[in-house]
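Colleague:
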Amino acid sequence: MSEKFELPSRSPIPELELAKKLPKKTEALLVPLFKGEEGPELAATGLFSDEVEMALLRQLIAVGATGAVCELTRIPGTAESEVDFILAIGLGASEDLDDEKLRRAAGAAGRSLKGLQSVATTLGAFGLAAAVEGLALGAYAYPGIRSEEPEEAKEPVKKITFLGDPKVDKDEFHTAQITAEAVILARDLVNTPSSHLYPESYAAIIAAEAKQYGVDVEVLDEKELKRQGFGGILAVGQGSDRAPRLVQLRWAPKKAKKSLALVGKGITFDTGGISLKPASKMEDMISDMGGSAAVVATILAAARLNLNLKVTATVPLAENMPSGSATRPGDVITHYGGLTSEIINTDAEGRIVLADALARASEDEPDFLIETATLTGAQMVALGAKTSGVMGSDEFRDRVAETGRRIGEPAWAMPLLEEQEEELKSPVADIRNSHNSRNAGMLFAGLYLSRFIGEDIEWAHVDIAGPSFNNGGVSGYTPKRATGVPVRTFLTLLQELAQEK
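So the sequence shown is numbered by the numbering used here: it starts at 7 and just counts up by one.
1) When the Cα atoms are used, what is the spatial distance from residue 487 to residue 225?
2) Could you check if residue 92 is buried or exposed, using at least 16 other CB atoms within 10 Å of its CB as the buried criterion?
3) Give the straight-line distance between the Cα atoms of residue 318 and residue 372, rounded to the nearest whole angstrom.
4) Given this structure, state the Cα-to-Cα distance separating residue 165 from residue 440, to the nearest angstrom.
5) Compute the distance between the beta-carbons of residue 188 and residue 138, then report whether it is under 8 Å.
6) Please state whether the Cβ-Cβ distance between residue 303 and residue 493 is less than 8 Å.
7) The beta strand (DSSP E) with residue 69 in it runs from where to where?
8) Measuring CB to CB, does residue 508 end up less than 8 Å from residue 87?
9) Determine the direct distance from the alpha carbon of residue 170 to that of residue 31, and round the result to whole angstroms.
10) Let me check understanding here. Comparing Cα to Cα, which of 100, 473, 337, 115 lies closest to residue 47?
11) If I'm right that residue 385 touches residue 472 with Cβ under 8 Å, what's the distance once you round it to whole angstroms?
12) For residue 4, which of helix, strand or coil comes out of DSSP?
13) Spatial neighbours of residue 498 within its chain, please: CB distance less than 8 Å, with the 5 preceding and 5 following residues excluded, ordered by chain position.
14) Nearest to residue 134 by alpha carbon, out of 405, 400, 22, 77?
15) Can you name the residues that DSSP bridges to residue 505?
16) What distance in whole Å lies between the Cβ atoms of residue 255 and residue 222, which are believed to be in contact at a cut-off of 8 Å?
17) From what residue to what residue does the beta strand (DSSP E) around residue 156 run?
18) By DSSP, does residue 383 sit in helix, in strand, or in coil?
19) Which whole runs of the alpha helix (DSSP H) in the stretch 19 to 74 are 4 residues long or more, in chain order?
20) Pick from 24, 390, 343, 257: whose alpha carbon is nearest that of residue 178?
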């Protein structure tokens, strides 16, 4: 009997509700506060009389509230409010408010609500989707694997009610809720230690999630990978006692007229292999499957949203370990589809498994292909820790980057360099996996991957080495460690493609 695998720990997700009236037994009311020229301005809640609203504003002014973006000010509730306390959330100047400022402010509020059972908010009046995403993602708290249950006072808020009109706002609310839950799934996957998430267990967990939402799933084990010629995935995984896998997910509505392929790097732990990484901070390499987590979460959300778009996700899973059986620098491997690579650096393993997955995904001749990976440290050198690098066919590349910037996941279009064509050549194979240079390493990786894209496919490669895992401070709705980038970018793009004629 096969072993049953499941995630050992998951972040609790607040129950999200859309309602016209303030529920009974609400502990806190979250209200927007703007920064006016002459002092803070409380946005009318519609719940209280003008006299009560003015009294609340006077209290906020008395305790020093200014309405600055992400400022949180707590005051006691009143008899009229019927809540224990009121939390004013600073949104800055009203004329400068946009969805991202609202999302970040809501995220800051979400983190502050630990230990509460039920809160309500009027934030949705200024952008329901942004408020839902911000509060839900800000409340994220990965509990880890511990001997004791977390204290209730440290757990996320149990229920958040967004005050609005369920008849009018139902669709927007539903989409935002599923989007937030998709990001949370990606975060939970990335935060899971490699002791518990490795190719076999990860593939089983993906399959179980897919079956919940009617998404078809196929898992290839090492025997099938060898039979079908997935030389790149096998080469990276052969140094580990934990054999590699390839997972394919399919969402195929009957009336869909467009198709899109998603590919995500799933290196469940990356030591660098024979080209061993330095020991310092190697523990963060549990996050080297962030691309796979993003595409898995995206296709499941697409199914939940019933998007009229054919979507496939191809996810190569391997553990990159040094051993007597590991691939060596100087080896030549044959990828799925027949192209050969000379291995210069075994720590440039992500592009090796992705090459197989891209070649396989291209066989289905999708209209569009998006691939994402925590691929290169060069991405952070070029663009910093929060901005993804996007390469690919010009028009689609630019569209993906612009979509990311528009929804608060910064991304920037990058070129594929003609002068690196010569560096890609190998004296013993079709191409080599590294150019052994400090120059434009992110772009070289993109050029390498371009060799495995089928003809006439609009494609984009998104390098998320920095943005997918936050080693800095907590801010807005972004926690430490796994961020869930670029799930929201991909979902936004899929929704737009599904609606286009």
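Just so you know, even glycine gets a beta-carbon here, dropped at the ideal spot from N, CA and C.
Modeller: Considering the structure as presented:
1) The straight-line gap separating the alpha-carbon atoms of residue 487 and residue 225 is approximately 28 Å.
2) The residue in question, residue 92, is buried, as its Cβ has 16 or more Cβ neighbours within 10 Å.
3) Each residue's alpha carbon lies about 9 Å from the other.
4) So the two alpha carbons sit approximately 50 Å from each other.
5) Note that the C-beta distance between residue 188 and residue 138 is not below 8 Å.
6) For residue 303 and residue 493, yes; Cβs fall inside 8 Å.
7) Neither: residue 69 is in no beta strand (DSSP E) and is coded neither H nor E.
8) Limits of the chain in this structure are 7 at one end and 507 at the other, which puts residue 508 out of reach.
9) Take the alpha-carbon of residue 31 and the one of residue 170: they are about 18 Å apart.
10) Per the Cα distances, 100.
11) Here residue 385 really is in contact with residue 472; their C-beta atoms are around 6 Å apart, less than 8 Å.
12) With the chain covering 7 to 507 only, the question about residue 4 has no answer from this structure.
13) Shown here for residue 498: same chain residues with a beta carbon closer than 8 Å to its own, the five before and five after excluded, namely 409, 412, 413 in chain order.
14) It is 22 whose Cα lies nearest to the Cα of residue 134.
15) DSSP output for residue 505 lists no bridge partner at all.
16) Your pair residue 222 and residue 255 checks out as a contact, with CB atoms roughly 7 Å apart and the cut at 8 Å.
17) Residue 156 -> no beta strand (DSSP E), and no H or E assigned at all.
18) DSSP places residue 383 in the helix class (H, G or I) of the three-state scheme.
19) Those alpha helix (DSSP H) runs which fall completely within the stretch 19 to 74 and span 4+ residues are 56 to 68.
20) Comparing Cα-Cα distances from residue 178 to each of 24, 390, 343, 257, the minimum goes to 24.
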